[in-house]
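4 protein chains.
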Amino acid sequence: MIRVGVVGGSGYIGGELLRLLVCHPNVEVALATSDRLRGQRIDTVHPNLRGRTDLTFRGRGEVVECDVLFFATPHRETMGVLPKMAPLAPCLIDLSGDFRLHDVDAYERHYGVRHANPGLVGDFVTGLPEFGHREAIREADRISVPGCTATAAMLALAPLVELVEQEVLVDARTGSSGSGTGGGTADSHSLRSGAMRVFAPVGHRHEAEIAQATGMSVRMSATGVEAVRGVQVVCQLRGREALSELDVRRAFRGWYGDEPFVRIVAHRRGAFRYPDPKILLGSNYCDVGFAVGEDGIRITTIGAIDNLMKGGAGAAVQCLNIRMEWPETLGLEFPGLHPA
Amino acid sequence: MIRVGVVGGSGYIGGELLRLLVCHPNVEVALATSDRLRGQRIDTVHPNLRGRTDLTFRGRGEVVECDVLFFATPHRETMGVLPKMAPLAPCLIDLSGDFRLHDVDAYERHYGVRHANPGLVGDFVTGLPEFGHREAIREADRISVPGCTATAAMLALAPLVELVEQEVLVDARTGSSGSGTGGGTADSHSLRSGAMRVFAPVGHRHEAEIAQATGMSVRMSATGVEAVRGVQVVCQLRGREALSELDVRRAFRGWYGDEPFVRIVAHRRGAFRYPDPKILLGSNYCDVGFAVGEDGIRITTIGAIDNLMKGGAGAAVQCLNIRMEWPETLGLEFPGLHPA
Amino acid sequence: MIRVGVVGGSGYIGGELLRLLVCHPNVEVALATSDRLRGQRIDTVHPNLRGRTDLTFRGRGEVVECDVLFFATPHRETMGVLPKMAPLAPCLIDLSGDFRLHDVDAYERHYGVRHANPGLVGDFVTGLPEFGHREAIREADRISVPGCTATAAMLALAPLVELVEQEVLVDARTGSSGSGTGGGTADSHSLRSGAMRVFAPVGHRHEAEIAQATGMSVRMSATGVEAVRGVQVVCQLRGREALSELDVRRAFRGWYGDEPFVRIVAHRRGAFRYPDPKILLGSNYCDVGFAVGEDGIRITTIGAIDNLMKGGAGAAVQCLNIRMEWPETLGLEFPGLHPA
Amino acid sequence: MIRVGVVGGSGYIGGELLRLLVCHPNVEVALATSDRLRGQRIDTVHPNLRGRTDLTFRGRGEVVECDVLFFATPHRETMGVLPKMAPLAPCLIDLSGDFRLHDVDAYERHYGVRHANPGLVGDFVTGLPEFGHREAIREADRISVPGCTATAAMLALAPLVELVEQEVLVDARTGSSGSGTGGGTADSHSLRSGAMRVFAPVGHRHEAEIAQATGMSVRMSATGVEAVRGVQVVCQLRGREALSELDVRRAFRGWYGDEPFVRIVAHRRGAFRYPDPKILLGSNYCDVGFAVGEDGIRITTIGAIDNLMKGGAGAAVQCLNIRMEWPETLGLEFPGLHPA
């Protein structure tokens, strides 16, 4: 049993992390912070945890020593908070965007502020084991979990990077939980229900992450659609030469053959023949699929995740498992629901 | 052509009213107010009106003389605002709750504040033509449109009042637009989507209105369900003596035979054999239906409306039409969409 | 490890059962049947199980000996199927409606056919541990899991049966998964989305089950609302004498104090202050709550479940755990998701 | 007043057409056909028309002479049915896919069958006035309304065809009503709710229509998302040279300045700053918008429609109005609902 803390525990990602950690067999949750809800039970905002924990929120000033500290604090804020708490735990896992981009100019361009601690950025390992980071995670004391749409895109692209042209077009669709708990008018049910809201027609922030990881030239657009959880990316590629469906399938199988959390979903029939986040609620899977145009040149790849799981809290726990040398799927066994 | 103004034009009811009035053939919209959005185009918050009007919001202090003023201002606030503007128009139509209850003690009990202008309450005619108020509306200079769930319940109960026992149980289900544009966390899509939120297990505010209108002893509960628009009430009654389905159907037909906006919906088959707000979006219908238990004593009646139409803006325009001696359905012809 | 089989494994309840059993640490799934899908992998219709099992469907004629057989076959069909397979397993757990009602005349009235095996009905123990059946389940070789709305109602009513008048009104709201996989036009997304479909204004079939269990006179109505999973019941009662909220809370606490799967949810504040199936997806909880009218006489109680879990497959596995003398929550630990 | 008939009146497009025609001031609906529902009232399947019409369905053999016949019959079937009925009306308006493609080989490739009446294809004028066909429609006796996603794409692309490179990528998102009334399992609410179902990762059928109209090389993918009505397309283009946002806005304004049913929606702020079908329910608008990447080369354009209106029945009535030299918006004035 290790002791962990969650800094920023009142949001959706923080709540999902607390759900996973409270139910994790090898973990004791020592603390969760929320300055706004200090002193209140965590199940007042995470009602699914009723009957599972009596934990109450602490203020950020009350964080104590732990084995691992998770940061589910907002972008721009985390780069200030994390360094101060670093002495309290040997291992830090950040779920914000603040330590994802190695290029601090790109950070400034995409997040609109100068990075407060550029010297620390290089300390962070990318928390995406399936993209070649598993060994580094095993040794890491600083882990940065990628953004949700970036994760889906990176995993939908990885097997083909060597086979396709540089330029890729990524279209992302996201559920409402990705907007967080802020609850502005635009996030209200009346305005969001049934909407197809193009919130980033060009230049979505995660372009930079995907480009950094894949070396590709990435053009990304994003639309909010009706769902609470879920991210799907549809990536449009051009093969360097004509490829058959079997070529592409082999590339995916080669890359993901033994991965516990990546499933290849490209079937001939059925309502779920391509990756759909609908069947992933609560699961840590990233489903990936593909289709090849008649010319063999046009290739579409698809990735789907639960944005709060593989796109956030689940990925963080997967990294924890790797780092602790526990079975990688520990506490992440839930397969998702159908129908739901 | 008459000139009208909408005081409180930025909310959902105000927006629906503006849609109806902008498209109404006999009406010119002279003004709409919103202190918060003063100077902005009304289509910034009512995007369905793009291309239909260039109107901008005024402050409340800028209201000028009109033929009719509509009030879509909040409960508790309207009773202060309306009297001040009364000199500006010979006819006032209020959509708030402030002039619905004739008993100001009941008002205080349900709205939590002492009524500011008790002397005016008696001037208002109830804006529900189908409940016997049509003649009074024709003569009225002060009209108060009933609450949305009250409207549905009053119309689902009216034909049977003389045939059933005093005590009635009304269960109301409402879509998210009934919560208004406030946009708190509880109204966010993530928290409201797919919810069945019992927000009034006992003692819903509209009990008083329904009791006032019907003379019955009303027990009401209410649940928010997944829909943007729509109110449905299911009323549980006991016949004074055993009734056949035909008895009940005759009572409904007798009451509603010629009503342009009430349809009797009680069929043997089909997905829409009882009233369902799903097919009423944008329409001014109140669909009413019924079923009789095997014993002939237990009777269930059902009412469904679009809460922003027959439950608010549509009812207000219907009253306007009656008051102006225009065809009652003028500007309210839209039949609803299927499917939608 | 015991070996189990699922007869009727292609529907939603069958699929949920397979999900739970495949993930259950003490169970090996020996077989699942579907005559229609014979020879096909079970993950073709239960896509959440991709990567979890290689099981294929068998025909009903290919059922072999097991330790426990579950029946997720349709009402009316199960009473013929189950007796034939009874020799193959010492313990049978039925999820259909065929062995729930002890009075076969009531069965005929509600299911429209004469019961084919009336002599067997008495062998079945009701699979609802929280209603006083736990000890009987521990010894039972024939268990009949109650209907989903009946479960929610029985648990919302149980603590107050002695304190209230005989007559109760139960209003049930159900998600679309309760209609099964049939997929008729009425179940299509276009017709069901956002609907409030009163499908049983009087005389819902589960009236008989609730009456049998509670001894009350039950009047039940039911409406399909927009949700995939979820059942909620709102029960309207009258206290024999005036009760305080504390009296009612004590009754609930007394009844459910130690129950692992019943939570009392009756809070002053928050979007989830009463039971809402929205936070129960995939969990085996039944949340129960209550409110007391100002007069102390009118009492509303509320129950919420995931209809495929506590309303079906989860309840069946809970019964299995009790019967096998395993921890009651084994394989049922998932707490539900928030938000989802 | 002219007399019209609707061949194939039981589907969603047929029902929407009947709604528009029944409410149209210059039209008398002489007949609607459905072999399956022959003799039944049309409001049994189009419940929004209750109280508006007493029309009953006829069989196809009972079609009589009319001024205009509309065909809302299925693809592949219409090319056989329409020629037989052609003698019955001087003007035919087809909403199926059978007379859209001028190249019958392309038809065969996309619809999977040899065209039955290739000689007639050339008689049909494309029913999209905003794409330069208005004058031809005014004279036409045979009009073919484009496919829903094709309409949205053609209107989102038209102003830029001369300014961009040949290759365009169109990503389409569609609501469930686009799947028709068939009601297979995949269309059930449980499977479709909240889904992001990529049903055409490459090679969607409407590619051919868009290519035919624009002369561009079109690559199209399509995903079913949660909505009943609505189609949105997001088109990815590359400018031949760097363009400013103002350049693009001018191109759109030049093209659509006077169009009654196209609105340019590209704002800096707000939940509806880009085209979203959510605000178009029941309206005949096509909203179009755009965004320009920092490099001035990457351009995204967006189109949104109600698939049953501008994507089908509304477009057909617009063509009727033009053909009859009535005001183009007659019977199509409904502005859409907000919120809904």
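Chains as they are written, first to last, in numbering that gives the first Met the number 0: chain A, 0 to 339; chain B, 0 to 339; chain C, 0 to 339; chain D, 0 to 339. Don't be surprised by glycine CBs; every beta carbon is placed ideally from N, CA and C.
For Y284(C), no Cβ of chain B is located within less than 8 Å of the residue's own Cβ. Q231(B) sits in a strand when the DSSP states are folded into three classes. Collapsing the DSSP output to three states places E324(A) in coil. Just so you know, the alpha carbons of T32(C) and V6(C) end up roughly 5 Å apart.
If you draw a straight line from the Cα of A303(D) to the Cα of L162(B), it comes to about 52 Å.
If you compare the alpha carbons of G126(B), L279(B) and R2(B) with that of L307(B), the shortest gap goes to L279(B). In the structure shown, S95(B) falls within a coil segment according to DSSP collapsed to helix, strand and coil. The way I'd put it, the stretch 196-216 of chain D doesn't touch the stretch 247-261 of chain D; fewer than three beta-carbon pairs between them come closer than 8 Å.
Taking 7 Å as the cut-off between beta carbons, the residues of the stretch 176-190 of chain B near chain A are S176, T180, G182, G183, T184, D186, S187, H188 and S189, in sequence order. DSSP places D122(C) outside both helix and strand once states are collapsed to three, so it counts as coil.
Counting along the chain, the unbroken beta strand (DSSP E) around V169(A) starts and ends at E166 to T173.
For L154(C), no beta strand (DSSP E) segment is defined; the enclosing uninterrupted segment is the alpha helix (DSSP H) at C147 to L156. For the beta strand (DSSP E) assignment, the uninterrupted runs of no fewer than 3 residues enclosed by the stretch 170-228 of chain C are, from N- to C-terminal side, 196-199 and 216-223. Within the same chain, and ignoring the five residues on either side of R37(B) in sequence, the residues whose Cβ sits closer than 6 Å to its Cβ are F56 and G58. Taking a C-beta distance under 8 Å as the contact criterion, I296(D) and G238(D) qualify as a contact pair. Beta-bridge partners of L30(B) (DSSP): G4(B).
The beta-carbon separation of L19(C) and G313(C), rounded to 7 Å, stays under the 8 Å limit for a contact. Segment contact: the stretch 8-16 of chain A against the stretch 62-73 of chain A, three or more CB-CB distances shorter than 8 Å; contact assigned. Nearest Cα to G288(C) within the set G281(C), D294(C) and P274(C): P274(C).
Residues of the stretch 252-267 of chain C whose Cβ lies closer than 8 Å to any Cβ of chain A, in chain order: R262 and V264.
Residues of chain A whose Cβ lies closer than 7 Å to the Cβ of A339(C) are, in chain order, V227, R228 and L280. Between G269(D) and V201(A), the C-beta gap is not smaller than 8 Å, which leaves the two residues out of contact. Within chain C, the C-beta atoms nearer than 7 Å to that of G335(A) come from N47, in chain order.
Taking P117(B) as reference, the option from P82(B), A149(B) and D140(B) with the minimal CA-CA separation is P82(B). Sequence-ordered contacts of the stretch 288-300 of chain B with chain C read G288, F289, A290, V291, G292, E293, R297, I298, T299 and T300 [C-beta pairs closer than 9 Å]. The alpha carbon of V167(B) has as its nearest neighbour, out of L236(C), E332(C), A339(C) and R75(C), the alpha carbon of L236(C). The Cβ of Y11(D) sits closer than 8 Å to at least one Cβ of chain B.
Residues of chain B whose Cβ lies closer than 8 Å to the Cβ of G269(D) are, in chain order, T43 and P46.
C-alpha of V103(D) to C-alpha of V261(D): approximately 31 Å in a straight line. In terms of beta-carbon proximity, Q317(B) stays away from the interface with chain C, with every pair separated by 8 Å or more. By the 16-neighbour rule on beta-carbons within 10 angstroms, H266(D) is exposed.
The beta carbon of D53(D) sits closer than 8 Å to the beta carbons of R40 from its chain, once the five residues preceding and following it are set aside; these are given in chain order. Rounded to whole angstroms, the Cβ separation of L91(D) and D140(D) is 7 Å, and the two are in contact under 8 Å. For V63(C), the three-state secondary structure derived from DSSP is coil. C22(A) has a beta carbon lying within less than 8 Å of a beta carbon in chain C. Distance from the CA of R218(B) to the CA of A199(B), rounded to the nearest whole angstrom, comes to 11 Å.
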